[in-house]
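Residue numbers for the sequence shown follow the working numbering, so the first one is 1 and each next one is one higher.
For glycine and all other residues, C-beta sits at the position ideal for the given N, C-alpha and C.
Data first, discussion second: the structure below is written as structure tokens.
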Amino acid sequence: MNRPIFLIGYMGSGKSSLGRQLAREMGRDFIDLDKYIETRFHSTVKQIFDERGEDGFRTIERNMIHEVAEFQDVIVACGGGTPCYYDNMDFMLSHGLTIYLDVQPEILALRLALPGSRTKRPLIAGKSDKELLDFVRDGLQKRLQHYTRAEIIFNATHLLNKSETIQTALQLAQIITEHENSHMQQ
Ligand code: S3P
1 MNRPIFLIGY MGSGKSSLGR QLAREMGRDF IDLDKYIETR FHSTVKQIFD
51 ERGEDGFRTI ERNMIHEVAE FQDVIVACGG GTPCYYDNMD FMLSHGLTIY
101 LDVQPEILAL RLALPGSRTK RPLIAGKSDK ELLDFVRDGL QKRLQHYTRA
151 EIIFNATHLL NKSETIQTAL QLAQIITEHE NSHMQQ
């Protein structure tokens, strides 16, 4: 049995796309925490924000990270805010392998400006491209104190297309294997 892998990072850092590919390569199950919440609560993240407010969403998110941490051999793509609320980061550090996907704010903002990206994310819905970049710069700066506590910090800039994503996932899989081997020897 392998401890869960938690992918953390800002919105648009590639947690879901890279995580899905990584799970394929490592033969693990993939869980997208937002999708898991949506299935469990029969509601979209946007609806949960609308009906229960952000605080309500954060409580659900906290409970669900505890639930998925029980599963074996999983790769979990967290939401961008997951490590920044409650004691979620401490919990993930003690229950699995945490990996921060490090991406510059300018690239995050470009990815988040793609069609459809803003509508499903309540925190950036309705922002112009300029407002988006300011929001990402500011938000990332505040969240870095949590993200950088991860056991592994991985540069996830190169995820432009399928072949880049496969290449990047292969690199990350190798880093994880080496890290887990040295962890087992300690
Ligand atoms: C959030 C990120 C979203 C989602 C929610 C809040 C955040 O997930 O959990 O909209 O606080 O950064 P993604 O990082 O997958 O977009």
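With respect to the 8 Å criterion, residue 133 and residue 105 are classified as neighbours on the basis of their beta carbons. A direct Cα-to-Cα measurement between residue 185 and residue 146 gives close to 27 Å.
If you draw a straight line from the Cα of residue 179 to the Cα of residue 52, it comes to about 40 Å. Placement of the Cβ of residue 34 at a distance of less than 7 Å from at least one heavy atom of the ligand S3P is found.
Boundaries of the beta strand (DSSP E) around residue 77: 74-77. The three-state reading of DSSP puts residue 159 in coil, since its state is none of H, G, I, E or B.
10 is the residue among 10, 6, 2 and 78 whose C-alpha sits nearest the C-alpha of residue 142.
Under the Cβ criterion (8 Å, minimum of three pairs), the region 22-33 counts as touching the region 74-92. Straight-line measurement puts the Cα of residue 47 at about 13 Å from the Cα of residue 35. Ranked by how close their Cα comes to the Cα of residue 166, the residues 98, 182 and 14 have 14 in first place.
The C-beta of residue 99 has 16 or more other C-beta atoms within 10 Å across all chains shown, which makes the residue buried. Put simply, the backbone Cα of residue 122 is about 26 Å away from that of residue 5.
Residue state for residue 147 is assigned as helix, using DSSP reduced to three classes.
Boundaries of the beta strand (DSSP E) around residue 30: 29-32. Residue 87 sits in coil when the DSSP states are folded into three classes, being neither helix nor strand. The beta-bridge partner set that DSSP reports for residue 110 is empty.
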